[in-house]
Amino acid sequence: MDTMTKQYIETVKVSDIPWHRLTTTYGRATDFPTELDVLWNMESMETVDAAGEALAQNIEHQSTLWHATPFAMIFLLRIFKKAQEESAHNEVAQYLAEQLVELFVVIAECIRDGLMLEHADPLPNFEDMLNEEYLWSEEYDEDEDVLRYEEEDVFPDDLFFSFYYYSLQVLLLAIPLLDTSDEGEAKLLGIISANRSV
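Counting from 1, position 188 in the sequence shown corresponds to residue 875 in this note's numbering; the numbering is continuous, with no gaps.
Right, dumping it as structure tokens:
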């Protein structure tokens, strides 16, 4: 992984991302900052479950990753690291860490499947996905979004492959955090490692 990508993943803030202009399975990622904040705070199983489920449903659907996915993955990785650190004395953190491993496995499997298909090169930089030409309208209009999805080139090939490529770059940074004695984490490590040469 190049230094610029690693630095971007490690330093970008939630507030730097125009979530309301990024697509998800069911619309836009407008609520992602709130849901990520709920996960970061780890206050109760119920709130973590609800926020985690909303995020999971909106970053992956039927092996498809979305524009918001790689950006959400950055913050989910940070939350995973925090949950691991707190899991010894916080059962919500322990539960969240386990749930995130399951989600990361799903994302890693999508990436693996995506890499098997013919694909374009990714955009040169992670943040290139936030170039104005790729962002959706400032104001959300469901009808306009539906029409845009009907366009032939709704996501240019290099942008679409970047959803997968940069999600993988985030997962590569999870490798040092994974415990091979844990079945779920070992499975995740195996999938990520098999794709690391991309």
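Just so it is clear, CB atoms sit at the ideal spot from N, CA and C, and this is done for glycine as well.
Can you give the beta carbon distance from A861 to I878, rounded, assuming they're within the 8 Å contact cut? Reading the sequence shown from its first residue, position 174 is the one you call residue 861. Reading the sequence shown from its first residue, position 191 is the one you call residue 878. In fact, because the Cβ distance is near 11 Å, the residues do not count as touching under 8 Å.
I think L787 touches I766, with their Cβ atoms under 8 Å apart; what is that distance to the nearest whole Å? As a first step, residue 787 is located in the sequence shown; it is residue number 100 there, counting from the start. As a first step, residue 766 is located in the sequence shown; it is residue number 79 there, counting from the start. So it is a contact: roughly 7 Å between Cβ atoms.
Pull up the DSSP beta-bridge partners for R715, would you. For the purposes of this step, residue 715 is taken as residue 28 along the sequence shown, with counting starting at 1. Answer by DSSP bridge pairing, in chain order: T710.
Bridge partners - T751, DSSP secondary structure assignment: Position 64 of the sequence shown, counted from the start, is the residue given in the question as residue 751. For T751, which the question treats as bridged, DSSP gives the partners H748.
Short Cβ contact (8 Å threshold) for L875 with V792: Counting from one through the sequence shown, the residue named residue 875 turns up at place 188. Counting from one through the sequence shown, the residue named residue 792 turns up at place 105. Taking 8 Å as the cut-off, the beta carbon of L875 is found closer than this to the beta carbon of V792.
May I have the straight-line CA-CA distance separating L764 from F758, to the nearest angstrom? Your numbering for residue 764 matches position 77 in the sequence shown. Your numbering for residue 758 matches position 71 in the sequence shown. One C-alpha to the other measures close to 10 Å.
Take every Cβ of the segment 775–784, pair it with every Cβ of the segment 820–838, and state whether three or more of those distances are shorter than 8 Å. no
Figure out for me which residue from E778, Y851 and L858 has the closest Cα to the Cα of E733. On the sequence shown, position 46 is the one that residue 733 refers to. The option with the nearest alpha carbon to E733 is E778.
Element boundaries [alpha helix (DSSP H), containing I862]: As a position in the sequence shown, residue 862 is number 175, starting the count at 1. From DSSP, I862 is part of no alpha helix (DSSP H); its letter is neither H nor E.
Please tell me whether L752 and F719 are closer than 8 Å, where the distance is taken between their beta carbons. Looking up residue 752 in the sequence shown gives position 65. Looking up residue 719 in the sequence shown gives position 32. Going by C-beta atoms, L752 is not nearer than 8 Å to F719.
Is it buried or exposed for Q648, if we count other Cβ within 10 angstroms and need 16 for buried? The chain is shown only over 688 to 885; residue 648 falls outside these bounds and no answer can be derived.
Count the other C-beta atoms from every protein chain shown that fall within 10 angstroms of the C-beta of M816, then say buried if there are 16 or more, exposed otherwise. Looking up residue 816 in the sequence shown gives position 129. The residue is buried, with at least 16 neighbouring Cβ atoms inside 10 Å.
Take L709 as the anchor and find which of I746, T692 and D736 has the nearest alpha-carbon. Here residue 709 is taken as the residue at index 22 of the sequence shown, counted from 1. Of the listed residues, the one whose Cα sits closest to L709 is I746.
Here's a check: name, in chain order, each residue in its chain whose Cβ is nearer than 8 Å to the Cβ of I794, leaving out the five neighbours to either side. Here residue 794 refers to the residue found at position 107 when the sequence shown is read from its first residue. Here the set comprises I746, E747, L752, T756, M760, S854 and L858.
Option nearest E819 by Cα separation, candidates D869, P705 and E805: Taking the sequence shown and counting its residues from 1, the one referred to as residue 819 is at position 132. Here the closest residue by C-alpha is P705.
Taking the CB atoms as reference points, tell me whether M688 and Q856 lie closer together than 8 Å. Counting from one through the sequence shown, the residue named residue 688 turns up at place 1. Counting from one through the sequence shown, the residue named residue 856 turns up at place 169. Yes. Within cutoff.
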